[in-house]
Amino acid sequence: MAEKFIHAVYDDDDKLLDAIKNLKKNKIMIEEVFTPFPVHGLDHLLDLKPTRIAIAAFIYGCIGFTFGVLMINYIMIVDWPQNIGGKPSFSLLENLPAFVPVMFELTVFFTGHLMVITFYLRSRLWPFKEAENPIPETTDDKFLIQIPIYGNESKIKSIIKTTDFYDLTVIDESVKKPDNTQDEEIHNFEETKTDSEITIGFVFHARKYSDGSSNLRIQFTRGRGQQYAKNSGLRIYRKHWISKKSEVSEKHPEYEKVNNAINSIKEKINSVKQMFVDGKISFEDAYKEVTEN
Amino acid sequence: MGSHYEAPIRKPLVTGNKTYHQISVDVARPIEGSANKQWWIVFGISLTLFMWGIGCIIYTISTGIGTWGLNKTVGWAWDITNFVWWVGIGHAGTLISAVLLLFRQKWRMGINRSAEAMTIFSVIQAGLFPIIHMGRPWLAYWIVPIPNTFGSLWVNFNSPLLWDVFAISTYLTVSLVFWWTGLLPDFAMIRDRAVKPFQKKIYSLVSFGWSGRAKDWQRFEEVSLVLAGLATPLVLSVHTIVSFDFATSVIPGWHTTIFPPYFVAGAIFSGFAMVQTLLIVMRKVCNLEDYITVQHIELMNIVIMITGSIVGCAYITELFIAWYSGVEYEQYAFLNRATGPYWWAYWAMMTCNVFSPQFMWFKKLRTSIVFSFVISIVVNIGMWFERFVIIVTSLHRDYLPSSWTMFSPTFVDIGIFLGTIGFFFVLFLLYARTFPVIAQAEVKTILKSSGDNYKELRDKKK
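Top line first, the protein sequences correspond to chains A and B.
So for the first sequence, the numbering used here puts the first residue at 1; every next one is plus one.
So for the second sequence, the numbering used here puts the first residue at 1001; every next one is plus one.
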């Protein structure tokens, strides 16, 4: 599975369908589409196989009917036949008309419930399940196409830019190992103006661990728009952080060790920055240089 | 735009220049806002009635069924009348969401959520009555076919009362999952909008992590369609079986073959009337006039008119068949209904159910909101009287003139009935404040074909 995705967001179902047609024409793989309502024709366009849930429902109905017949036969005919108003009590078939309603209800009962349970399990829906739509607006009025990147990022982007898109985001799942919050976004619709300016600094991850520490992240900003962040591998108590010096105070446990680690990162950052300014490496390479190892 | 074509002659079902986002905002507004004074007043009244009902139920159970107005001749009266009345009301929801889905009626989308909610809440009320009438409700589970460790007997599968157990419980639970499945995308919308952490948590829990993937939607639509196909015969079977409670007995006035279709039509009739009552108020209170339009009200009025006329036909057929059968007991049962001591109940039923819906032939009346509201209340009252007439007038003068008697309810009978009305409104009012009352995901699918702004746009292009 690809670790990097493009999220192309649309604000209209027809624009979405046009974009998907466009992507298909260019043989771009679409991994997932999130929509706020069932878009007519989307499943055909995505070549989704027809769902077999109706077949399952039929089977469940057969099970329910069989269960009904067997249960009534056992109770009313086999186990304890009774003379009720002189009705024939020793034969299921002769007594059948009175048993039809319950058999019917059991058929419906089994079909309805088992089908819905199947749907919930297959679509992974249950209480306490975390929602997986990448942006919350996809349940409101936005339509999102998730496209995996296999080294064809620029091609995909150029295709999407020919469509009437609303927003375009690159998601890199490889850079967010310890937790699932996404930080890295590229707002391409607002083209980067000053590409030569880069800043590299430290930020804290918003989420705290239970002991009160949080991940220290290295953040790369280029121009106005592009921003990446990656965990430095250090967990730091934020209350002991001195932001002016970008190091921890003496109160921090093992502060010497931590500061040494921070300093080595700083050195690396400085050298990479210099290399970028000299034009030796690209922004992406600079990012890789610092974050890998 | 081509795929969103709809005949220009069809009236818009969503008005007010809505966008997709605007629909979300409008549906979420009652949930995100706080309750106004009127809501608290109505809720307070409902809760009081509910509490009063609980008191009467406790009195009944602790003292006995003797606290009711029943006697040796009339052994079934208010209790079963209320049961049938509530079950009947409970038929509109599934009818709207299932039958109208099969017929591809787009106007169902503005009203189906609340109609289904109403169904579930009224079936809950209905279910209370047989359980209370058992006298020892803690033994209610004896009606399910459990292995006979209590003795030698199983439940009787020949009995329409047992069919009722299966029919009502299937109906309640299948309606519930149908409703909840449709709610998932709408709960998800509320969840993704929520700013308060507690609200977000609750709506995450109830939306089952709905994410809206293309495959999910494909399954969702298939499940809705199959459930609609299942619920359609189910909804017809439920009231058919309720009518069997009477029709399979040998009481003159009950023992008629017309009962199943007659009861089903009556159930749809009363159900639509209750939907009308609730929605006319709700559209106003929750500012949903753009989604529950006069067009919706008019269409519901037409259904009320047609089913009311079917019910009227059934009343007349009953009279005719009673005369034509030549059975004097049968003849007397109907003569007694119309001219006996309960003539007022019979004519209240006739007026409310047969005559009043005929006003709906006039377009001016069926598009009037106030008039529709009045008629919906009248129909609800009439349908209660229908069940009362069928049950009490058939019983109170039986084969032995020496045991002829009258039935009059005690305060306990009335209290329990009022209690269920209170309980129903407590549930419905809570629902209106916490649930997305419009199936917004579905309404969004018809916005481009049936929204007024899109329709105008298409008209201009021509």
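C-beta atoms are modelled at their ideal positions from N, C-alpha and C, and glycine is treated no differently.
Buried or exposed: where does residue i fall if 16 or more other Cβ atoms within 10 Å of its Cβ makes it buried?
i         : result
A/Met76   : buried
A/Phe34   : buried
B/Leu1234 : buried
B/Ala1292 : Residue identity differs from the one stated: residue 1292 of chain B is Ile in this sequence, not Ala. It is buried - the Cβ of B/Ile1292 has at least 16 other Cβ atoms within 10 Å.
A/Lys193  : With a pLDDT of 41 at A/Lys193, under the threshold of 50, the modelled position of that residue is not reliable, and the figure given next carries that caveat. Answer is exposed; the Cβ neighbour count stays below 16.
B/Arg1010 : exposed
B/Ala1432 : buried
B/Arg1104 : exposed
B/Gly1127 : buried
B/Val1250 : exposed
B/Gln1038 : exposed
B/Pro1197 : exposed
B/Val1389 : buried
B/Val1195 : exposed
B/Arg1113 : buried
B/Asn1474 : Given a span of 1001 to 1462 for chain B in the structure shown, any question on residue 1474 of chain B remains unanswerable.
A/Thr82   : Note that residue 82 of chain A is Gln in the sequence shown, not Thr. By the neighbour-count rule (16 or more Cβ atoms within 10 Å), A/Gln82 is not buried but exposed.
A/Lys155  : exposed
With 8 Å set as the bound, which would you pick, yes or no: does the beta-carbon of residue i sit closer than that to a beta-carbon of chain A?
i         : result
B/Thr1119 : no
B/Val1144 : no
B/Asn1156 : yes
B/Leu1070 : no
B/Phe1166 : yes
B/Ile1096 : no
B/Phe1220 : yes
B/Pro1012 : no
B/Met1189 : yes
B/Asn1257 : In the sequence on display, residue 1257 of chain B carries Thr and not Asn. Chain A, which has no Cβ nearer than 8 Å to the Cβ of B/Thr1257, makes this no.
B/Phe1198 : no
B/Arg1213 : yes
Rounding to the nearest angstrom, what Cα-Cα distance links residue i and residue j in this structure?
i         : j         : result
B/Ile1316 : B/Val1275 : 27 Å
B/Pro1145 : A/Met71   : 9 Å
B/Ala1115 : B/Ile1031 : 18 Å
B/Tyr1332 : B/Gln1358 : 29 Å
B/Ala1439 : B/Gly1110 : 7 Å
B/Asn1453 : B/Ile1023 : 14 Å
A/Lys273  : A/Ser243  : 20 Å
B/Ser1046 : B/Val1426 : 6 Å
B/Ile1321 : B/Phe1259 : 12 Å
B/Ser1376 : B/Cys1352 : 10 Å
B/Lys1201 : A/Ser123  : 21 Å
B/Lys1461 : B/Ser1003 : 15 Å
A/Ser249  : A/Thr221  : 26 Å
A/Thr138  : A/His7    : 12 Å
Would you mind giving the Cβ-Cβ distance between residue i and residue j, rounded to the nearest angstrom? I have them listed as a contact below 8 Å.
i         : j         : result
B/Ser1372 : B/Asn1301 : 6 Å
B/Glu1318 : A/Pro38   : Between A/Pro38 and B/Glu1318 the Cβ distance is about 46 Å, and since that is not below 8 Å, they are no contact.
B/Pro1341 : B/Met1282 : Their Cβ separation, rounded to whole angstroms, is 40 Å, which puts B/Pro1341 and B/Met1282 out of contact at 8 Å.
A/Pro101  : B/Ala1345 : Not really, about 30 Å apart at Cβ, beyond 8 Å.
B/Ala1098 : B/Ala1231 : 4 Å
A/Ala286  : A/Met275  : 7 Å
Give a yes or no on whether the C-beta atoms belonging to residue i and residue j are separated by under 8 Å.
i         : j         : result
B/Phe1269 : B/Met1383 : yes
B/Ile1089 : B/Gly1308 : no
A/Met103  : A/Val78   : no
B/Gly1253 : B/Val1311 : no
B/Ser1207 : B/Arg1193 : no
B/Ala1247 : B/His1239 : no
B/Val1084 : B/His1396 : no
A/Phe65   : A/Leu106  : yes
A/Ile171  : A/Phe5    : yes
B/Ile1304 : B/Val1370 : no
B/Ser1449 : B/Tyr1020 : no
Closest Cβ-Cβ distance between residue i and chain B: below 8 Å?
i        : result
A/Asn133 : yes
A/His240 : no
A/Ser123 : yes
A/Glu32  : yes
A/Pro101 : yes
A/Met71  : yes
A/Val108 : yes
A/Met115 : yes
A/Leu46  : yes
Looking at residue i and the ligand MN, is the gap between the Cβ and the nearest heavy atom below 7 Å?
i         : result
B/Glu1222 : Absence of the ligand MN from the depicted structure is noted, as is the absence of any ligand whatsoever, leaving it without description.
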